[in-house]
Amino acid sequence: VVEGLALLDLGVSPYAGAVFHETPLVIYLFHFLIDYAEMVFMITDVLTAVALYLAIQDFNKVVFKKQKLLIELDKYAPDVAELIQTPKEMHYTPLKVALFYLLNPYTVMSCVAKSTCAINNTVIAFFILATIKGSAFLSAVFLALATYQSLYPLTLFAPALLYLLQRQFIPVKLKSKGFWLYTMQYAALYLCSLVVIICLSFFLLNSWDFIPAVYGFILSVPDLTPNIGLFWYFFAEMFEHFSLFFVCVFQINVFFYTIPLAIKLKEHPVFFLFVQIAVISIFKSYPTVGDIALYMAFLPVWSHLYR
Amino acid sequence: GGMAAVALVLLLLLAAAGPVWARPDVLREELLLSPLPAGDVAATFQFRTRWDADLQRGAVSHYRLFPKALGRLVAALGIRELHLALTQGFWRTRTWGQPPLQAPAGAELWVWFQPTVTDVDKAWKELSNILSGIFCASLNFIDSTNTVTPTASFKPLGLGNGTDHHLLRYAVLPREVVCTENLTPWKKLLPCGSKAGLAVLLKAERLFHSSYHSQAVHIRPICRDASCLAVSWELRQTLTVVFDSFASGQGKKDWSLFRMFSRTLTDACPLASQSKVYVDISPKNKEKELLEVTPPPASLYEAVVQGEKRTYAVYDLLSPLLFNTSRSLNVQLKWTRPQDSSELPTPVLHAHRYVSGYGLQTGEISTLIYNTHPYRAFPVILLETVPWYLRLYVHTLTIITKGKENKPSYIHYQPAQDRRRPHLLEMLIQLPANSVTKITIQFERALLKWTEYPPDPNHGFYVGSSVLSALVPSIIAMKEVDMEQSPLFTSLFPSSDGSSYFVRLYTEPLLVNLPTPDFSMPYNVICLTCTVVAVCYGSFYNLLTRTFHVEEPSRGGLAKRLANIIRKLRGVPPL
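So the sequence lines, in the order shown, correspond to chains A and B.
By UniProt numbering, the letter at position 203 of the first sequence is numbered 203, and the numbering carries on one by one without gaps.
By UniProt numbering, the letter at position 575 of the second sequence is numbered 575, and the numbering carries on one by one without gaps.
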């Protein structure tokens with residue numbers, strides 16, 4: 001980011017080179033905040049933790065209500081008793097989630113390194129909060145922002161949609177009109193906010209250069225600097241002839257788990273969200289340890305399933 | 001009267017049919033021997049062919065002294081200026097002084113195209129391929145990954161204004177090696193070949209047994225006369241070689257033409273209109289002459305060259321007096337007294353570049369520029385071309401002079417694009433008098449795809465020399481010299497006023513190691529990555545598609561009953 005700002009100061013487009021691959025909104029943000037960079041990253045981590053805390057708190061209330069209803073309706077088998085959450089456990093789960101995120105060494109590492117992954121995590125956390133609170137508009141806006149930053153949160157559209165449908169008590173049937181109506185509304189909100197954000201970026205730097213530099217870079221993987229992902233060593237040793245084919249295979253691999261998981265986990269959209277975030281952070285083209293920190297933070301929510 | 005009129009008319013007609021006749025062309029050849037500090041000697045050959053024809057307009061079909069290969073190249077590709085240099089070795093400016101004409105190590109090609117050329121990149125590519133054929137050098141490796149378009153450093157040296165720098169292309173191949181097969185086609189372009197005149201001395205086995213060898217071809221348009229109404233084309237072929245006193249013989253410091261080239265001069269090229277040998281006999285510390293030259297020269301020539309007053313002994317090969325006493329000319333240089341190291345003159349401007357850092361991830365390129373002039377400050381343009389796989393971070397660029405930061409007055413930075421173009425950094429830096437300026441920039445090393453490594457990847461990757469162009473103020477005022485008559489070194493770079501002279505210096509090329517993947521492991525790597533993906537995919541597939549059925553315990557078939565009987569006999573629980 002510092003390099004991008006320096007290039008901007010020299011009058012050269014930051015995307016003219018191959019070093020800078022962040023979105024224009026990040027440049028704009030750091031143009032003002034570059035002197036307080038450490039504070040900014042600490043604040044984003046705190047915001048992420050707070051957002052996760054509030055989200056899980058709300059989610060737990062819903063789960064508790066459902067659990068109570070099912071106990072009263074006697075739907076659980078008798079030997080499931082140790083898997084049912086007690087109110088005392090559920091009281092502490094949001095705190096555990098927030099602490100899991102803040103105290104995770106990976107989070108600390110990405111804060112010290114001042115990696116922009118922290119900003120991505122904050123946006124996704126706010127998106128989760130908005131979804132769980134049930135506000136479709138805010139959820140669509142934050143999802144558009146997250147997709148704009150790195151392309152992969154696009155796959156989080158499905159779990160968010162499922163959760164919101166569940167909250168509105170609209171059954172997920174392919175023939176139901178209410179289902180399609182709601183889906184269209186949500187998709188329209190999402191696409192419009194995405195278009196607005198992209199046009200805003202265009203007007204910030206007066207060029208469309210950022211699209212190949214940000215999204216083309218994520219999709220075509222030209223830079224092979226070693227990282228914790230799968231792509232770099234594979235493509236360093238790949239024959240040129242096949243590299244396009246394998247790039248496509250690897251990218252499809254990330255997006256492809258959404259539909260089977262949606263079919264299987266349609267009653268548990270928050271778990272689906274968690275699994276999707278985990279899949280993204282393992283299979284994305286340039287993962288960082290900050291992505292791992294985000295999905296690890298969710299583990300306490302389902303800790304009751306582990307005997 | 002009538003006959004005279006008819007003759008006059010015929011003459012006029014013939015004069016009007018000028019294009020049919022061959023245009024006049026002139027060849028001048030010069031050799032300059034200059035002794036360097038530390039006992040080495042530098043020999044610079046220059047062959048200038050000037051042709052009063054306009055290569056651009058009209059098809060010229062009759063070539064006499066100007067080589068046809070280059071003439072047709074200039075006409076076909078719309079070239080305004082061409083400069084090609086092939087160099088082996090590095091000119092040590094600090095110990096040898098300012099060079100007459102320096103070239104960077106490897107191959108350097110820079111060309112200005114005519115404004116009529118529409119697709120400059122295509123013409124550039126064709127040009128590099130044709131030149132690689134003419135000179136037997138691998139200039140066809142010049143492509144967009146090592147070509148840049150400088151904006152300030154390479155102004156045209158011939159006629160014409162250089163405002164549109166999109167017509168300029170510059171490329172350098174630091175890894176090129178120069179050898180005999182590059183010298184032979186270069187010699188073939190000379191009108192006399194290597195059979196007569198000064199080119200007789202150019203024998204490969206001696207020329208390449210040297211510390212520095214540089215051969216260059218410069219083509220440019222010049223004014224035909226003082227009024228500059230018409231354009232002539234000048235082809236200048238220069239060859240500079242530095243003979244090392246240690247490498248070529250027993251530490252004795254006496255030089256002669258025979259000792260340097262294992263040949264002597266027997267005659268001048270019959271096609272040349274001027275053929276001279278100059279020996280630099282300037283006294284270094286103004287007391288006594290340092291050098292004794294035999295045979296005694298016919299005349300002496302004094303000039304102010306590169307800010308210093310110099311005296312040259314002149315041998316004119318075309319004058320009949322020269323070969324009166326002996327049939328061959330063997331100029332011998334003897335040192336009259338041993339040299340003190342305190343006499344080594346430091347040039348006004350010299351530079352040094354190196355790479356620092358540890359590990360294979362990051363590094364730093366540092367350039368040190370020295371201005372040793374006691375009281376004058378002058379600006380210098382620095383041009384750096386760094387390949388794309390060393391990612392420069394321009395926010396780490398620092399320029400420090402005398403402990404304080406020095407902000408350049410002009411920066412042009414074009415960042416690299418992976419696999420498409422290199423970094424270009426041009427800066428105009430003011431150098432205060434008697435100072436050292438340090439320019440540092442940090443970079444990060446990229447991991448390349450395994451097919452992009454050369455066959456010897458641990459040798460390292462070369463970074464081409466950076467170019468420093470400056471108008472250095474001279475201590476002695478220089479007067480305007482006639483471009484045609486003056487010896488080699490002053491007429492290539494026109495000087496606008498007498499108080500400064502133009503100098504173009506090159507720094508050392510750098511050798512940088514890049515991280516290498518394990519080349520023996522492509523299959524293993526692919527298997528490993530695919531295993532990870534398959535494990536993940538397999539687990540997901542299982543979780544998503546596995547359904548559980550309750551299985552009724554059955555009595556089983558005959559085999560099972562038999563097995564149960566045997567188990568009961570053994571005492572093991574039944575199936």
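Here a beta-carbon is modelled for each residue, glycine too, at the ideal position from N, C-alpha and C.
Please list, in chain order, the chain B residues whose beta carbon lies closer than 8 Å to that of residue i.
i: residue 222 of chain A; result: 418, 419
i: residue 216 of chain A; result: Under the 8 Å cutoff, chain B gives no residues; its nearest Cβ is about 11 Å from residue 216 of chain A.
i: residue 261 of chain A; result: 540, 544
i: residue 10 of chain A; result: 394, 411, 413
i: residue 16 of chain A; result: 414, 415, 417
Starting from residue i and walking both ways along the beta strand (DSSP E), at which residues does that stretch end?
i: residue 363 of chain B; result: 362 to 371
i: residue 580 of chain B; result: Any question about residue 580 of chain B goes unanswered here, given that chain B covers just 1 to 575.
i: residue 355 of chain B; result: 349 to 356
i: residue 292 of chain B; result: 291 to 294
i: residue 311 of chain B; result: 308 to 316
i: residue 63 of chain A; result: No beta strand (DSSP E) holds residue 63 of chain A; the alpha helix (DSSP H) holding it covers 37 to 72.
i: residue 236 of chain A; result: No beta strand (DSSP E) contains residue 236 of chain A, which is instead part of the alpha helix (DSSP H) from 231 to 236.
i: residue 107 of chain B; result: 106 to 113
Listing by chain order, which chain B residues have their CB less than 9 Å from the CB of residue i?
i: residue 159 of chain A; result: The contacting residues do not exist; residue 159 of chain A stays about 15 Å from chain B at best.
For residue i, report the span of its alpha helix (DSSP H) as first-last.
i: residue 134 of chain B; result: 120 to 135
i: residue 4 of chain A; result: 2 to 10
i: residue 402 of chain B; result: Here residue 402 of chain B belongs to no alpha helix (DSSP H), and DSSP marks it neither H nor E.
i: residue 186 of chain B; result: 180 to 188
i: residue 262 of chain A; result: 258 to 264
i: residue 228 of chain A; result: Per DSSP, residue 228 of chain A belongs to no alpha helix (DSSP H) and is neither H nor E.
i: residue 71 of chain B; result: 68 to 77
i: residue 334 of chain B; result: It is not in any alpha helix (DSSP H) - residue 334 of chain B instead sits in the beta strand (DSSP E) that spans 332 to 335.
Have a look at the DSSP bridge pairing and note the partners of residue i.
i: residue 577 of chain B; result: Chain B is shown from 1 up to 575; residue 577 of chain B falls before or after that span and cannot be answered.
i: residue 43 of chain B; result: B:33, B:241
i: residue 444 of chain B; result: B:362, B:391
i: residue 506 of chain B; result: B:467
i: residue 208 of chain A; result: The partner list for residue 208 of chain A (beta bridge, DSSP) is empty, contrary to what the question assumes.
i: residue 461 of chain B; result: B:512
i: residue 62 of chain B; result: Its beta-bridge partners do not exist; DSSP assigns none.
Please list, in chain order, the chain A residues whose beta carbon lies closer than 9 Å to that of residue i.
i: residue 449 of chain B; result: 224, 235, 236, 237, 238, 240, 243
i: residue 393 of chain B; result: 2, 3, 6, 19
i: residue 532 of chain B; result: 230, 282
Mark residue i as exposed unless 16 or more other C-beta atoms lie within 10 angstroms of its C-beta, in which case mark it buried.
i: residue 195 of chain A; result: exposed
i: residue 184 of chain A; result: exposed
i: residue 415 of chain B; result: buried
i: residue 17 of chain B; result: Residue placement at residue 17 of chain B is poorly supported in this model, since its pLDDT is 48, which falls under 50; the coordinates are not used for a value here.
i: residue 550 of chain B; result: exposed
i: residue 20 of chain B; result: Confidence is the limiting factor: at residue 20 of chain B the pLDDT is only 45, short of 50, which leaves the residue's position unreliable and the question unanswerable from this model.
i: residue 247 of chain A; result: buried
i: residue 548 of chain B; result: exposed
i: residue 213 of chain A; result: buried
i: residue 140 of chain B; result: exposed
i: residue 294 of chain B; result: exposed
i: residue 62 of chain B; result: exposed
What does residue i touch in chain B if you count any residue whose Cβ is under 7 Å from its own?
i: residue 257 of chain A; result: 540
i: residue 264 of chain A; result: 544
i: residue 253 of chain A; result: 533
Output, in chain order, the set of chain A residues within a Cβ distance shorter than 8 Å of residue i.
i: residue 521 of chain B; result: 237
i: residue 526 of chain B; result: 234, 237, 238
Starting from the beta carbon of residue i, find every residue of chain A whose beta carbon is closer than 7 Å, and list them in chain order.
i: residue 439 of chain B; result: By Cβ distance, chain A contributes nothing, its closest Cβ being about 16 Å from residue 439 of chain B, past 7 Å.
i: residue 179 of chain B; result: Under the 7 Å cutoff, chain A gives no residues; its nearest Cβ is about 32 Å from residue 179 of chain B.
i: residue 136 of chain B; result: Under the 7 Å cutoff, chain A gives no residues; its nearest Cβ is about 30 Å from residue 136 of chain B.
Please look up how many angstroms separate the CB atoms of residue i and residue j, rounded, as I've assumed it's under 8 Å.
i: residue 230 of chain A; j: residue 532 of chain B; result: 6 Å
i: residue 39 of chain B; j: residue 345 of chain B; result: Contact doesn't hold; Cβ gap of about 15 Å is too wide.
i: residue 100 of chain A; j: residue 299 of chain A; result: 7 Å
i: residue 84 of chain B; j: residue 217 of chain B; result: 5 Å
i: residue 22 of chain A; j: residue 4 of chain A; result: 6 Å
i: residue 224 of chain A; j: residue 235 of chain A; result: 6 Å
i: residue 143 of chain A; j: residue 98 of chain A; result: Wrong, their Cβ atoms sit about 22 Å apart, outside the cutoff.
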